[in-house]
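Visitor: Its first residue numbered -15, the sequence shown is counted upward by one per residue in my numbering.
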Amino acid sequence: MAHTVQSFVDTLRTDGVGAGRKAAEEIRREAERQSQQLIQDAQAQAARIVEEAEQERRKSLERTRIELAFAARDTVARLRDSLNQAIRRVLEHAASKALDDAEFLKDLIKEVVRAYVQSDATQDRTLEVNVSAPMQKKLADWAIAALRKSGLDDQLAFELRGALSTAGFEYKLSGGTVEVTPAAVVQLLSPIVTPKLQELLATSQQEQDAE
-15 MAHTVQSFVD TLRTDGVGAG RKAAEEIRRE AERQSQQLIQ DAQAQAARIV
35 EEAEQERRKS LERTRIELAF AARDTVARLR DSLNQAIRRV LEHAASKALD
85 DAEFLKDLIK EVVRAYVQSD ATQDRTLEVN VSAPMQKKLA DWAIAALRKS
135 GLDDQLAFEL RGALSTAGFE YKLSGGTVEV TPAAVVQLLS PIVTPKLQEL
185 LATSQQEQDA E
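1. Terminal residues of the continuous alpha helix (DSSP H) containing S134?
2. So which of E76, L52, Q69 and A55 has the shortest CA-CA distance to G152?
3. Among the residues of its own chain, which have a CB less than 7 Å from the CB of L148, if the five just before and after it don't count?
4. Determine which residues share a DSSP beta bridge with F153 and list them.
5. Between N68 and R47, what straight-line distance do the alpha-carbon atoms span, to the nearest angstrom?
6. Is the region 46 to 63 touching the region 120 to 127, taking contact as three or more C-beta pairs under 8 Å?
7. Return the first residue and the last residue of the alpha helix (DSSP H) that L92 is part of.
8. Less than 8 Å between C-beta atoms, sequence neighbours within five positions excluded: which residues of the same chain meet that for L89?
9. Between V177 and L52, what straight-line distance do the alpha-carbon atoms span, to the nearest angstrom?
10. Is it right to say A79 is buried, meaning 16 or more other beta carbons lie within 10 angstroms of its own, or is it exposed?
11. Could you spell out the range, first to last residue, of the beta strand (DSSP E) harbouring L148?
12. Within this structure, are the beta carbons of T161 and T150 separated by less than 8 Å?
13. Since I believe F142 is in contact with L111 (beta carbons under 8 Å), could you give me their beta-carbon distance rounded to a whole number of angstroms?
14. Rounded to a whole number of angstroms, what is the C-alpha to C-alpha distance between E87 and A129?
15. For H(-13), which three-state DSSP category applies?
16. Compute the Euclidean distance between the alpha carbons of Q24 and I50, then round it to the nearest angstrom.
What follows is the structure, given as structure tokens:
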């Protein structure tokens, strides 16, 4: 630019005002061209910066979305485990309360005795029922009286033991021992209850993913 101005001064000295005007016009045009080029370069650079910033923003949003999705799945998994444990505790509490009720146990044991007597599998006609020691004290007299009243005392040898460490009872058959305890009830009912819970949670997760 300094060389061009010097050329303009030299032109004025040697060629006069007319030639100087022409040189000045050329200088103006060159300056305008350069300024336009600078503006275009600046605009292009600004556009690149904006595009890079937008790409980074989109990447950041996608990373955040993925992280939130994983976090949501982890939360649902923890919730499922917590609810399953809570359901097991509720079932166990309800079963313990029911199976620690002497009147309730009487009804259950009577049904077991009836089914045992009617079963073709019995040969020695001996039924051993095991309850907790406190429950044995509550049921001992009742068991003898109930057996006599039902007329089954001559068909069945009934033994009531008090060696069980939990609520409920267990009875022995020729093929093994059958437990009617809180743990057995929970084991029986949990597969029924928890799949429904898991289905509800899965549906909720699918609806959340769809959003």
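Yeah, the Cβ is synthetic: ideal placement off N, Cα and C, and Gly gets one too. Since we're looking at a predicted model, the values are computed, not measured.
Guide: In terms of the structure at hand:
1. A117 to S134
2. E76
3. N114, V115, S116 and E154
4. V164
5. 31 Å
6. no
7. A86 to Q102
8. L83, V115, M119, L123, G152 and F153
9. 29 Å
10. buried
11. A141 to L148
12. no
13. 5 Å
14. 15 Å
15. Only weak support exists for where H(-13) lies, its pLDDT of 47 falling under 50; the value from the coordinates is given anyway. Of the three classes helix, strand and coil, the one that applies to H(-13) here is helix, per DSSP.
16. 39 Å
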